[in-house]
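Here the sequence shown is numbered in UniProt numbering, starting from 1 and rising by one per residue.
From the three backbone atoms N, C-alpha and C, an ideal C-beta is built for every residue, glycine too.
This structure is a prediction, so every number in the text was calculated from the model and none was measured.
This report concerns only the one structure given below.
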Amino acid sequence: MTGPDDRAARPDDLAARPDDRAARPDHPAARAEDGICAVVLAAGEGTRLRPLTERLPKALCPVGNVALLDRALARLTGLGLTGPQQVAVNACYLGEQVVEQVGDRARLSVEPGSPLGTAGGVGRLRDWIAGRGVLVGNADAYLADPTTAPGPDIAALLDGWDGESVRLLGQPASDPRAPGTFDGHVFTGFSLLPWRLVRNLPPAFGDLVRAVWRPAEAAGRLSVVPYRGTFYDTGTPADYLAANLHAAGDGCLVDPAASVTGDCRRSVVGAGATVRGTVTHCVVWPGATVEADERLSDAIRVGADLTVPAT
């Protein structure tokens with residue numbers, strides 16, 4: 001039975017396993033149906049992004065005019081993982097906004113009180129995971145591979161998996177021995193966990209690094225799969241801006257519903273925004289305004305009165 005804090009589109013969706021795509025072995029869903037589900041972590045407070053995250057939860061902050069959470073769900077769709085039987089999203093901070101954004105696209109796990117952390121968020125979904133391996137993605141991870149579509153760009157994380165070991169998506173670290181690295185790599189937002197390590201995770205505050213990853217590493221059961229594309233964790237205004245500028249390419253990315261009568265130079269302008277002044281290397285959120293006498297550079301504009309430097 002689902003309730004207000006653990007909901008899906010329809011209760012019977014949780015018991016039914018669609019098999020139409022799984023019958024086609026060439027479809028990514030065939031691999032997903034063999035015992036993989038996905039959890040997108042979207043409960044965090046995003047304290048380093050304040051005051052932006054006083055308006056929106058970090059998972060809903062737009063990058064390239066697309067909410068980070070929507071990017072994560074689209075990447076899972078590219079792997080054949082869709083719907084509340086295969087995909088779950090956790091929420092807590094400004095959780096009502098996350099719930100509205102997700103709608104019926106995924107199972108929702110709304111954590112009461114404070115966020116449970118990465119391990120606690122997964123642990124709270126143990127009954128839903130129910131024996132499957134789980135692909136865990138951070139909603140705030142921006143990934144882009146110019147040679148491969150979202151989904152297939154991380155498919156190597158699943159390819160040939162034995163169902164028993166831990167896999168992390170990663171990129172070579174500038175300092176391979178720095179704290180927080182794994183086998184000389186920095187984590188880039190997605191991990192693959194076996195049920196044998198998930199089933200004992202309690203629905204209490206904890207992080208996957210200490211609860212799962214480091215113990216698996218010590219036991220020789222953790223490997224890193226390299227990610228070839230671009231990655232930003234978007235956790236700071238500077239990284240958030242960098243991700244947006246990457247999404248914009250060499251020019252300006254302007255939503256068709258925005259109005260730009262001023263000067264826009266390598267910036268992202270959201271739906272309903274109005275730019276009468278000059279923006280250079282900026283993100284102008286949906287509905288925001290830049291007046292004719294304003295000159296913004298390396299910043300994020302929210303509404304008519306909030307400018308967050310991103311240097």
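Residue i CB to nearest heavy atom of the ligand SAM below 7 Å
i	result
A106	Looking for the ligand SAM in the displayed structure turns up nothing, as the structure carries no ligands at all.
Straight-line Cα distance separating residue j from residue i
i	j	result
R107	L69	14 Å
A258	V198	45 Å
R295	H281	11 Å
T77	V66	15 Å
A23	P309	In this predicted model, A23 has a pLDDT of only 35, less than 50, meaning its place in the structure is not dependable enough to derive any value.
E100	G189	23 Å
P194	G103	28 Å
W213	G113	26 Å
V209	T278	43 Å
A173	D145	18 Å
S191	I36	12 Å
Q97	A292	32 Å
Q171	T148	16 Å
P28	L81	The predicted position of P28 is uncertain, since its pLDDT is 46 and thus under 50; no value can be drawn from it.
V134	A273	39 Å
V186	L169	8 Å
V302	R55	9 Å
Exposed unless 16 or more other CB atoms sit within 10 angstroms - verdict on residue i
i	result
N200	exposed
G251	exposed
A243	buried
R124	buried
E111	buried
T53	buried
R50	exposed
A216	buried
T118	buried
A16	Here A16 scores only 31 on pLDDT, less than 50, and its place in the model should not be relied on; the value that follows carries that caveat. With fewer than 16 other Cβ atoms within 10 Å, it is exposed.
G44	buried
P256	exposed
A218	exposed
R196	exposed
R71	buried
P226	exposed
D175	exposed
Cβ-Cβ separation, residue j to residue i (assumed contact under 8 Å), whole Å
i	j	result
Y240	C61	7 Å
residue 372	A247	Since the first residue of the chain shown is 1 and the last is 311, residue 372 is not available in this structure.
A304	A288	7 Å
V63	L73	Not a contact, Cβ separation roughly 14 Å.
G262	V290	7 Å
G137	F205	20 Å between Cβ atoms; not a contact.
L79	A155	6 Å
D140	G235	6 Å
P150	R265	About 27 Å; that fails the 8 Å criterion.
Count the CB pairs spanning the segment 130-138 and the segment 89-96 that are closer than 8 Å, and state whether there are at least three. no
Please determine if the segment 153-173 and the segment 215-222 are in contact, where contact requires at least 3 C-beta pairs separated by less than 8 Å. yes
I'd like the ranges of any alpha helix (DSSP H) spanning at least 4 consecutive residues and lying wholly in the segment 93-129. With a minimum length of 4 residues, the continuous alpha helix (DSSP H) runs that stay inside the segment 93-129 are 95-102, 117-123, 126-129.
Unbroken stretches of the beta strand (DSSP E), 3 residues or longer, contained in the segment 126-169: 133-138, 142-144
Unbroken beta strand (DSSP E) runs of length 3 or more, entirely within the segment 231-289: which are they? As for any beta strand (DSSP E) of minimum length 3 sitting wholly inside the segment 231-289, the runs are 263-265, 278-284, ordered along the chain.
Counting Cβ pairs, one atom from each stretch, are 3 or more of them under 8 Å apart for the segment 175-182 and the segment 151-160? no
Ranges of the beta strand (DSSP E) found wholly within the segment 23-93, counting only runs of at least 3: 36-41, 87-91
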